[in-house]
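Chains F and V supply the protein sequences, listed in that same order. All letters in the first sequence, in the order written, are residues 1 to 144 by our numbering. All letters in the second sequence, in the order written, are residues 145 to 288 by our numbering. Glycine residues also receive a C-beta, built at the ideal position from the N, C-alpha and C atoms. Small disclaimer: the values here were computed from a predicted structure and weren't measured. See below for the structure under consideration.
There are 2 protein chains.
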Amino acid sequence: MTDHAPLKLERFLPYRLSILSNTVSQAIAREYQQEFGLSMTEWRVMAVLARFEPLSAREVAEHTAMDKVAVSRALSRLVEAGRVDRERHGNDRRRSVLRLSEEGWRVHDAVAPRARNHEREMLAQLSREEIDTLARILDKLAPV
Amino acid sequence: MTDHAPLKLERFLPYRLSILSNTVSQAIAREYQQEFGLSMTEWRVMAVLARFEPLSAREVAEHTAMDKVAVSRALSRLVEAGRVDRERHGNDRRRSVLRLSEEGWRVHDAVAPRARNHEREMLAQLSREEIDTLARILDKLAPV
DNA sequence: CCGTTATAGTTTCATCTGTAACCATTTGCA
DNA sequence: TGCAAATGGTTACAGATGAAACTATAACGG
Chain F
1 MTDHAPLKLE RFLPYRLSIL SNTVSQAIAR EYQQEFGLSM TEWRVMAVLA RFEPLSAREV
61 AEHTAMDKVA VSRALSRLVE AGRVDRERHG NDRRRSVLRL SEEGWRVHDA VAPRARNHER
121 EMLAQLSREE IDTLARILDK LAPV
Chain V
145 MTDHAPLKLE RFLPYRLSIL SNTVSQAIAR EYQQEFGLSM TEWRVMAVLA RFEPLSAREV
205 AEHTAMDKVA VSRALSRLVE AGRVDRERHG NDRRRSVLRL SEEGWRVHDA VAPRARNHER
265 EMLAQLSREE IDTLARILDK LAPV
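Below you can see the structure in the form of structure tokens.
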């Protein structure tokens, strides 16, 4: 047997990050799905529209770090469900002009507090100092 | 306009974690894929076998936090590729007995240092104190 | 023993995701 | 102008993923 130096997966940072992120995202996603029939991607699109509307699909993609195909699909479901209104841009007929509908706002206002709550529960396990450091780490490793 | 209190997605922790994790994982996955035709899941299975072999498929699933379906699929590709040897357990013929093949060890020994390297590059952006705190945070939020 | 229940692993199906190709429209510039 | 290149967005295809059903074997309780 030669010296194979196997990797300790459970100490390997990319692995641990992936586990944590999946655990958290799936817990949240499951809830949105069950109560509002809303996928994670759909929710991200709605959250961005709530903040910056009106936006084009491309702008939604920029804000959400999703690619344009994913955005297009999420939007077609949201428009179908009557949660987003889509118009054509007056000067550039390629662009869409996207806004939350009234129903979209209702869903947003129901989901947003729950989202915050999930984050709060997560952070409640950490000390003040750990929270600050985590924010700093994320700024360094994944600047938005 | 009523008070809609939209969510700041780019400050929302689950979102940021997901971005970071996906960025890191995809960068690594792409490399393994190109050079060894190895998916992330396959690599995880190999890493665990390297450390604990022989294992049954269920044990691999426990160590990797993957579900048994994902493990089964990864294993069938690895066995097919001659990277893992699969036998039946003597006393319990439901179980498989899994080990890296010689070829599997060769791949492992080529990939493991690269994996460590990725981690090192990532950590190089952080201070000693941030690294320690991050480890502590992960222990709290995603105990393995 | 024998029938029920549990376990190991695979297969199936429906959904999701990423990449590339595609269509329509607009822009840039010869 | 008018034609090539760029842009916004959708569609098509291929591979990945998760839940549930299924097969085979083993364990358990009367």
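Simplified DSSP state of residue i, which is helix, strand or coil
{"i": "F/Ser96", "result": "strand"}
{"i": "F/Glu87", "result": "strand"}
{"i": "F/Ser21", "result": "helix"}
{"i": "F/Asp139", "result": "helix"}
{"i": "F/Phe12", "result": "coil"}
{"i": "F/His4", "result": "coil"}
{"i": "V/Met210", "result": "coil"}
{"i": "F/Val71", "result": "helix"}
{"i": "V/Gly248", "result": "helix"}
{"i": "V/Ala225", "result": "coil"}
{"i": "F/Gln33", "result": "helix"}
{"i": "F/Ala124", "result": "coil"}
{"i": "V/Val192", "result": "helix"}
{"i": "F/Val144", "result": "coil"}
{"i": "F/Leu134", "result": "helix"}
{"i": "F/Ser39", "result": "coil"}
DSSP bridge partner residues for residue i (one or two, in chain order)
{"i": "F/Leu55", "result": "F/Leu98"}
Distance, residue j Cα to residue i Cα
{"i": "F/His89", "j": "F/Thr41", "result": "24 angstroms"}
{"i": "V/Arg188", "j": "V/Leu270", "result": "25 angstroms"}
{"i": "V/Ser298", "j": "F/Ser18", "result": "The shown model of chain V, from 145 to 288, leaves out residue 298 of chain V, and the question about it has no answer."}
{"i": "F/Leu75", "j": "F/Glu102", "result": "16 angstroms"}
{"i": "F/Thr133", "j": "V/Arg280", "result": "11 angstroms"}
{"i": "F/Met46", "j": "F/Val69", "result": "16 angstroms"}
{"i": "V/Val204", "j": "F/Asn22", "result": "19 angstroms"}
{"i": "F/Trp105", "j": "F/Asp85", "result": "11 angstroms"}
{"i": "V/Val288", "j": "F/Glu10", "result": "6 angstroms"}
{"i": "V/Ser216", "j": "F/Ile28", "result": "27 angstroms"}
{"i": "F/Ser96", "j": "V/His148", "result": "23 angstroms"}
{"i": "V/Arg238", "j": "V/Gln178", "result": "35 angstroms"}
{"i": "V/Val282", "j": "V/Asp211", "result": "The amino acid occupying residue 282 of chain V in the given sequence is Leu; Val does not appear at that position. For V/Leu282 and V/Asp211, the distance between alpha carbons rounds to 21 angstroms."}
{"i": "F/Leu100", "j": "V/Arg260", "result": "45 angstroms"}
{"i": "V/Glu274", "j": "F/Glu130", "result": "9 angstroms"}
{"i": "F/Thr64", "j": "F/Arg58", "result": "10 angstroms"}
{"i": "F/Val79", "j": "V/Arg221", "result": "40 angstroms"}
{"i": "V/Ser200", "j": "F/Asp109", "result": "48 angstroms"}
{"i": "V/Ala194", "j": "F/Phe12", "result": "15 angstroms"}
{"i": "V/Asn235", "j": "F/Phe36", "result": "49 angstroms"}
{"i": "V/Phe196", "j": "V/Glu206", "result": "12 angstroms"}
{"i": "V/Lys284", "j": "F/Glu87", "result": "47 angstroms"}
Cβ-Cβ separation, residue j to residue i (assumed contact under 8 angstroms), whole Å
{"i": "F/Val48", "j": "F/Arg83", "result": "So it is not a contact: roughly 13 angstroms between Cβ atoms."}
{"i": "F/Pro14", "j": "V/Glu265", "result": "About 11 angstroms; that fails the 8 angstroms criterion."}
{"i": "V/Val258", "j": "V/Glu175", "result": "In the sequence as presented, Val is not what sits at residue 258 of chain V; that position holds Arg. Yes, V/Arg258 and V/Glu175 are in contact; Cβ-Cβ is about 7 angstroms, under 8 angstroms."}
{"i": "F/Val111", "j": "F/Leu38", "result": "7 angstroms"}
{"i": "V/Met198", "j": "V/Leu151", "result": "This sequence places Pro at residue 198 of chain V; Met is not what is there. About 48 angstroms separates the two Cβ atoms, so there is no contact after all."}
{"i": "V/Arg160", "j": "F/Ala142", "result": "6 angstroms"}
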